[in-house]
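6 protein chains.
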Amino acid sequence: MVDITDKINTLRIATAQAVVKVSNEKTIEAIHNNSVPKGDVFAMSKAAGLLGVKKTPDLLPDCHPLPIEYTGIEYNINGLEIQVRCTIKTIYKTGVEVEAMHGASVVALNMYDMLKPIDKGVEIHYIKLLEKKGGKSDFKDKYR
Amino acid sequence: MVDITDKINTLRIATAQAVVKVSNEKTIEAIHNNSVPKGDVFAMSKAAGLLGVKKTPDLLPDCHPLPIEYTGIEYNINGLEIQVRCTIKTIYKTGVEVEAMHGASVVALNMYDMLKPIDKGVEIHYIKLLEKKGGKSDFKDKYR
Amino acid sequence: MVDITDKINTLRIATAQAVVKVSNEKTIEAIHNNSVPKGDVFAMSKAAGLLGVKKTPDLLPDCHPLPIEYTGIEYNINGLEIQVRCTIKTIYKTGVEVEAMHGASVVALNMYDMLKPIDKGVEIHYIKLLEKKGGKSDFKDKYR
Amino acid sequence: MVDITDKINTLRIATAQAVVKVSNEKTIEAIHNNSVPKGDVFAMSKAAGLLGVKKTPDLLPDCHPLPIEYTGIEYNINGLEIQVRCTIKTIYKTGVEVEAMHGASVVALNMYDMLKPIDKGVEIHYIKLLEKKGGKSDFKDKYR
Amino acid sequence: MVDITDKINTLRIATAQAVVKVSNEKTIEAIHNNSVPKGDVFAMSKAAGLLGVKKTPDLLPDCHPLPIEYTGIEYNINGLEIQVRCTIKTIYKTGVEVEAMHGASVVALNMYDMLKPIDKGVEIHYIKLLEKKGGKSDFKDKYR
Amino acid sequence: MVDITDKINTLRIATAQAVVKVSNEKTIEAIHNNSVPKGDVFAMSKAAGLLGVKKTPDLLPDCHPLPIEYTGIEYNINGLEIQVRCTIKTIYKTGVEVEAMHGASVVALNMYDMLKPIDKGVEIHYIKLLEKKGGKSDFKDKYR
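Taken in order, these protein sequences are the chains called H, P, A, V, B and X.
Under the numbering used here, read the first sequence as residues 233 to 376, first letter to last.
Under the numbering used here, read the second sequence as residues 233 to 376, first letter to last.
Under the numbering used here, read the third sequence as residues 233 to 376, first letter to last.
Under the numbering used here, read the fourth sequence as residues 233 to 376, first letter to last.
Under the numbering used here, read the fifth sequence as residues 233 to 376, first letter to last.
Under the numbering used here, read the sixth sequence as residues 233 to 376, first letter to last.
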């Protein structure tokens with residue numbers, strides 16, 4: 233684990249995405265109509281993601297535990313693709329990129345789990361960092 | 233949560249993949265030479281994945297806790313892409329697809345976390361089910 | 233921890249309740265209108281409760297880990313009181329009463345947490361077992 | 233999750249209660265005489281509560297992880313009612329009310345779990361905040 | 233992780249020990265008199281151990297999750313040494329040796345943590361399997 | 233739990249050890265040759281230890297959650313004994329001794345778990361603090 237005792241606290245923000253691709257327009261409708269048998273897909277997956285972000289250091293050995301001071305989950309639908317965006321903020325010595333990627337990934341996996349009974353062809357694509365601020369270098373995904 | 237009290241135990245097997253795409257051939261070399269500063273990427277990510285599989289029901293609200301009777305993690309390198317394959321077996325009333333997808337995703341996220349200091353362009357692609365056996369219907373990804 | 237190696241598997245069902253009492257009719261309206269700033273109170277608290285049920289043996293030392301085969305969360309509103317009912321099923325050697333009580337309690341605590349910014353007077357009452365079936369003796373709360 | 237990056241650290245103290253109501257004077261005696269088969273009810277439930285407090289952000293999606301700098305558990309017996317009081321302190325940007333309520337609730341649930349074999353009528357009542365200091369507004373429960 | 237899908241359920245019992253060695257007779261007296269400032273050392277460490285046993289598969293990657301059907305914690309004092317014995321039973325396809333060793337180790341670590349303020353010289357010795365029954369071969373530590 | 237609200241942040245460092253004693257020279261060779269069936273013993277046990285350190289406050293009731301800012305795991309082989317050393321750093325109000333001891337103990341337990349199929353006589357010895365800096369008093373084990 234990287235030694236961060238000499239670093240200083242700064243505001244760190246990271247946004248990551250995951251793309252959930254369903255195989256049928258009816259799946260999108262079922263989400264909108266809140267008719268998925270397991271319940272409200274967006275609200276429940278947001279809850280799973282908010283909890284998942286906080287468990288990142290429990291899953292990744294080298295990840296420092298840090299104070300999550302904000303997590304936001306957003307959904308954007310484009311045809312058969314649902315883009316999940318997870319934004320995290322902290323004021324700490326190290327960044328929150330991997331926490332944002334983990335949050336996006338848990339939201340996407342929970343959508344997969346809830347949609348599985350009505351759509352066998354759901355896939356998860358493009359888990360990647362979209363943007364980060366603070367730390368040694370800012371970053372903006374070029375294709376964003 | 234789906235009521236499974238009336239179901240019977242059968243052998244269930246699921247294999248899921250995640251693809252970790254690095255941005256530079258040198259990253260692949262560093263993994264091979266075991267020269268990544270955070271340590272042995274494949275062995276440590278396998279450890280994270282084996283633990284992550286068992287935490288799936290802690291992260292996904294509707295996921296039934298079940299006896300994980302086998303987890304295997306495999307890596308295949310193809311150019312700049314590393315395919316992670318996670319295979320899970322259980323003898324239980326419900327399948328292990330989402331556990332396999334979660335395992336693949338945790339391995340991939342840990343690779344991202346360990347490689348981040350030497351490669352800023354790592355992305356995670358194509359988390360999907362490759363194959364499942366047992367339960368109501370078998371499944372084989374058509375493009376596999 | 234009680235030794236259950238000699239017991240046999242039977243279907244066990246338990247239903248527990250918690251009552252969340254808000255201090256103002258406007259709080260009930262905000263839940264109905266989905267205008268609580270932290271999000272959809274019923275869906276997110278259900279997600280928290282489904283996860284919480286599975287964590288019961290992580291919190292209570294003498295509680296046996298067991299296969300949760302069904303969890304259901306229901307809400308009933310009566311004036312300023314919201315009754316949360318959590319029903320759990322398993323086929324195992326020991327019952328799920330305390331799991332049901334823990335589930336009801338986590339749902340109620342999450343409602344408290346989400347409602348706190350708009351209502352400072354929320355209280356949680358009457359966490360108790362309503363009914364259980366299976367095991368040495370059935371039980372039905374007399375005032376139910 | 234509320235964004236707290238702009239808030240400042242202050243000392244926060246919260247005390248919450250849960251009331252465990254047993255159905256028989258003999259249950260109280262068994263606790264006093266340390267003759268409950270599962271063990272020392274007050275010491276073991278205190279241990280469960282101390283651990284439970286630290287797991288609050290693992291259970292409640294919107295709850296910020298924060299440095300628990302003190303947790304105290306106290307018991308007061310009044311007839312058939314045992315009042316559990318959980319006091320928490322932190323120096324942080326947000327309060328510890330829900331952590332205190334969760335701590336009181338886990339202690340009460342563990343008492344229920346340990347007492348169940350000798351008393352089928354245990355109930356948990358009145359989980360509520362008694363007092364908080366620090367933050368935007370102090371609070372004192374009027375009936376305390 | 234070893235594939236156990238072909239194995240059959242049998243009763244498995246394992247007993248492991250840890251030895252906690254304190255540096256001063258007064259420490260033993262403080263435990264006996266229940267005058268250790270952090271509380272009742274034996275009862276609270278038993279609670280920690282009962283919970284710790286259930287977390288073994290969360291900590292050890294290759295360890296199968298399994299139904300813990302009995303955990304017992306015993307203490308024997310011999311001069312400055314306290315022997316902690318942890319016995320576990322399951323009816324499952326694989327043994328509980330490492331769970332018993334983990335349980336003994338968590339009890340010992342918690343004793344260390346509670347005794348640290350009054351004794352700076354506490355050490356933990358001889359975490360080892362004393363006995364196991366069931367599975368391919370029984371085992372009895374020769375020096376027991 | 234000790235009240236630390238009045239304490240100030242200082243750099244704290246602690247190193248603890250565990251000694252894993254195998255029963256046969258061939259076990260040491262299998263580790264060196266990376267021919268242990270469960271995988272790379274040192275890398276996977278390091279991953280387990282890095283995660284285990286972060287779970288210390290989940291296992292020990294009185295242990296304060298704190299920001300782990302560095303964890304290092306080292307192995308030294310001497311005949312049939314493998315010394316595991318776990319060093320932890322934090323800048324916080326309380327020390328990391330018990331976290332270091334827990335880390336060393338999890339690494340040792342995982343080695344036991346991975347080696348069990350090839351060596352039935354593995355034992356864990358001498359889990360103790362080697363050195364600590366910061367806080368009220370420094371400490372150096374006299375026999376180190």
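The beta-carbon is built from N, C-alpha and C at its ideal position, and this holds for glycine as well.
Requested in this report: Determine the direct distance from the alpha carbon of residue 249/B to that of residue 358/A, and round the result to whole angstroms.
Outcome: Residue mapping note: residue 358/A aligns to position 126 of the third sequence, counting from 1. Residue mapping note: residue 249/B aligns to position 17 of the fifth sequence, counting from 1. Just so you know, the alpha carbons of residue 358/A and residue 249/B end up roughly 42 Å apart.
Query raised in the report: Looking only at C-alpha atoms, which of 237/V, 256/V, 342/V sits nearest to residue 311/V?
Result: Taking the fourth sequence and counting its residues from 1, one reaches residue 311/V at position 79. The candidate whose alpha carbon is nearest that of residue 311/V is 256/V.
Query raised in the report: Between residue 331/V and residue 320/V, is the Cβ-Cβ spacing less than 9 Å?
Result: The sequence position of residue 331/V within the fourth sequence is 99, counting from 1. The sequence position of residue 320/V within the fourth sequence is 88, counting from 1. Yes. Within cutoff.
Query raised in the report: Using DSSP with H/G/I as helix, E/B as strand and the rest coil, what is residue 363/B?
Result: Sequence index remark: in the fifth sequence, residue 363/B carries index 131 (1-based). In this structure, residue 363/B counts as strand in the three-state DSSP scheme.
Query raised in the report: Taking 9 Å as the CB-CB limit, is residue 335/P close to chain X?
Result: For the purposes of this step, residue 335/P is identified with residue 103 of the second sequence, where counting begins at 1. It does not; no Cβ of chain X falls within 9 Å.
Query raised in the report: So, helix, strand or coil for residue 237/V, using DSSP?
Result: Looking up residue 237/V in the fourth sequence gives position 5. Correct three-state label for residue 237/V: coil.
Report task. With 7 Å as the limit, tell me which residues of the stretch 311-335 of chain X have their beta carbon closer than that to any beta carbon of chain H; keep them in chain order. Result -> Within the stretch 311-335 of chain X, the residues whose Cβ lies closer than 7 Å to some Cβ of chain H are 321, 323, listed in chain order.
Query raised in the report: Taking C-alpha atoms, which residue in 315/A, 266/A, 300/A lies nearest to residue 306/A?
Result: Taking the third sequence and counting its residues from 1, one reaches residue 306/A at position 74. When each option's Cα is compared against that of residue 306/A, the closest is 315/A.
**Report entry** Exposed unless 16 or more other CB atoms sit within 10 angstroms - verdict on residue 300/A
**Finding:** Taking the first residue of the third sequence as position 1, residue 300/A is located at position 68. By the neighbour-count rule (16 or more Cβ atoms within 10 Å), residue 300/A is buried.
Report task. Apply the 10 Å Cβ neighbour rule to residue 360/P and answer buried if 16 or more other Cβ atoms are within range, or exposed otherwise. Result -> As a first step, residue 360/P must be located in the second sequence, where it is residue number 128. Per the 10 Å Cβ criterion, buried.
Query raised in the report: Cβ of residue 356/H less than 9 Å from any chain P Cβ?
Result: If you number the first sequence from 1, residue 356/H lands on position 124. So, interface residue.
Query - Residue from 362/H, 240/H, 366/H, 245/H with nearest C-alpha to residue 303/H - result: Looking up residue 303/H in the first sequence gives position 71. Taking only the C-alpha atoms, the option nearest residue 303/H is 245/H.
Query - 9 Å Cβ cutoff, residue 237/X in contact with chain V - result: One-based indexing of the sixth sequence puts residue 237/X at position 5. Closer than 9 Å: yes.
Query raised in the report: Any residues in the stretch 241-267 of chain P with a beta carbon nearer than 7 Å to a beta carbon of chain B? Which ones, in chain order?
Result: Flagged, chain order: 243.
Query raised in the report: residue 296/P to residue 355/A, Cα distance in whole Å?
Result: On the second sequence, residue 296/P is found 64 positions in, with the first residue counted as 1. On the third sequence, residue 355/A is found 123 positions in, with the first residue counted as 1. For residue 296/P and residue 355/A, the distance between alpha carbons rounds to 31 Å.
Query raised in the report: Beta carbon of residue 287/X, beta carbon of residue 346/X: below 9 Å?
Result: As a working mapping, residue 287/X is identified with position 55 in the sixth sequence. As a working mapping, residue 346/X is identified with position 114 in the sixth sequence. No, Cβ-Cβ distance for residue 287/X and residue 346/X is not below 9 Å.
**Report entry** Within chain B, partners of residue 271/V - CB distance below 7 Å
**Finding:** One-based indexing of the fourth sequence puts residue 271/V at position 39. Result: 275, 278.
Query raised in the report: Does the pairing of the stretch 271-291 of chain H with the stretch 236-245 of chain P give three or more beta-carbon distances under 8 Å?
Result: No, the stretch 271-291 of chain H does not touch the stretch 236-245 of chain P.
Query raised in the report: Does the Cβ-Cβ distance between residue 353/H and residue 254/H come in under 9 Å?
Result: The sequence position of residue 353/H within the first sequence is 121, counting from 1. The sequence position of residue 254/H within the first sequence is 22, counting from 1. Contact flag set, yes.
Requested in this report: For residue 235/P, count neighbouring C-beta atoms within 10 Å of its own C-beta (all shown protein chains included) and say buried if the count is 16 or more, exposed if not.
Outcome: One-based indexing of the second sequence puts residue 235/P at position 3. It counts as exposed.
**Report entry** Cα-Cα separation between residue 272/B and residue 333/X, rounded to whole angstroms
**Finding:** Within the fifth sequence, the letter at position 40 stands for residue 272/B. Within the sixth sequence, the letter at position 101 stands for residue 333/X. Approximately 22 Å between the Cα atoms of the pair.
Query raised in the report: Can you tell me where the alpha helix (DSSP H) with residue 259/P in it begins and where it stops?
Result: Here residue 259/P refers to the residue found at position 27 of the second sequence. Residue 259/P: member of the alpha helix (DSSP H) spanning 257-264, first to last residue.
Report task. Kindly list, in the order they appear in chain X, the residues whose Cβ is closer than 9 Å to that of residue 359/B. Result -> Looking up residue 359/B in the fifth sequence gives position 127. Within chain X, the residues near residue 359/B are 250, 337, 340, 341, 344, 355, 356, 357, 359.
Query raised in the report: Which full runs of the beta strand (DSSP E) of 3+ residues lie inside the stretch 289-371 of chain A, going along the chain?
Result: 302-310, 313-324, 355-365
Query raised in the report: Who are the near neighbours of residue 268/B in its chain, counting only those whose CB is closer than 7 Å to its CB and skipping five residues on each side?
Result: Numbered from 1 along the fifth sequence, position 36 holds the residue referred to as residue 268/B. Listed in chain order, the non-local C-beta contacts of residue 268/B below 7 Å within the same chain comprise 262, 346, 347, 350, local neighbours out to five positions each way being set aside.
Query raised in the report: Looking only at DSSP bridge pairs, what is residue 250/A linked to?
Result: The sequence position of residue 250/A within the third sequence is 18, counting from 1. DSSP output for residue 250/A lists 316/A as bridge partner(s).
Requested in this report: Taking residue 240/A as the reference, give the member of 340/B, 343/B, 323/B, 365/B with the closest Cα.
Outcome: Position 8 of the third sequence, counting from 1, holds the residue named residue 240/A. Nearest option by C-alpha distance: 323/B.
Query raised in the report: How would you write the range of the alpha helix (DSSP H) that residue 284/B sits in, first residue to last?
Result: On the fifth sequence, residue 284/B is found 52 positions in, with the first residue counted as 1. It spans 273-286 - the alpha helix (DSSP H) in which residue 284/B sits, taken as one unbroken run.
Query raised in the report: Can you tell me the Cα-Cα spacing of residue 376/A and residue 364/B, whole angstroms?
Result: Locating residue 376/A in the third sequence gives position 144, where the first residue counts as 1. Locating residue 364/B in the fifth sequence gives position 132, where the first residue counts as 1. Any reading at residue 376/A needs caution, since the residue's pLDDT is 49, under 50, leaving its predicted position unreliable; the model's value is listed next. Taking the straight line joining both Cα atoms gives about 48 Å.
**Report entry** Proximity test, Cβ basis, 9 Å: residue 293/X and chain B
**Finding:** What you label residue 293/X is simply residue 61 of the sixth sequence in a count that begins at 1. It does; some Cβ of chain B falls within 9 Å.
Requested in this report: Can you give me the Cβ contacts of residue 280/P inside the same chain, cut-off strictly under 6 Å, excluding the 5 residues immediately before and after it?
Outcome: Sequence index remark: in the second sequence, residue 280/P carries index 48 (1-based). Once the five neighbours on either side are set aside, the close Cβ partners of residue 280/P are 338, 342.
Query raised in the report: Rounded to a whole number of angstroms, what is the C-alpha to C-alpha distance between residue 362/B and residue 278/B?
Result: By 1-based counting over the fifth sequence, the position of residue 362/B is 130. By 1-based counting over the fifth sequence, the position of residue 278/B is 46. Using only the alpha carbons, I get a separation of about 19 Å.
Query raised in the report: With a cut-off of 9 Å, does the C-beta of residue 286/B fall near any C-beta of chain A?
Result: The residue labelled residue 286/B in the question sits at position 54 within the fifth sequence. Yes, contact with chain A.
Query raised in the report: Where does residue 383/H land, buried or exposed, given buried means 16+ other C-beta within 10 angstroms?
Result: In the structure as shown, chain H begins at 233 and stops at 376. Residue 383/H is therefore absent and cannot be evaluated.
Query raised in the report: CA-CA distance, residue 233/B and residue 292/B?
Result: The residue labelled residue 233/B in the question sits at position 1 within the fifth sequence. The residue labelled residue 292/B in the question sits at position 60 within the fifth sequence. Those two C-alpha atoms are separated by around 11 Å.
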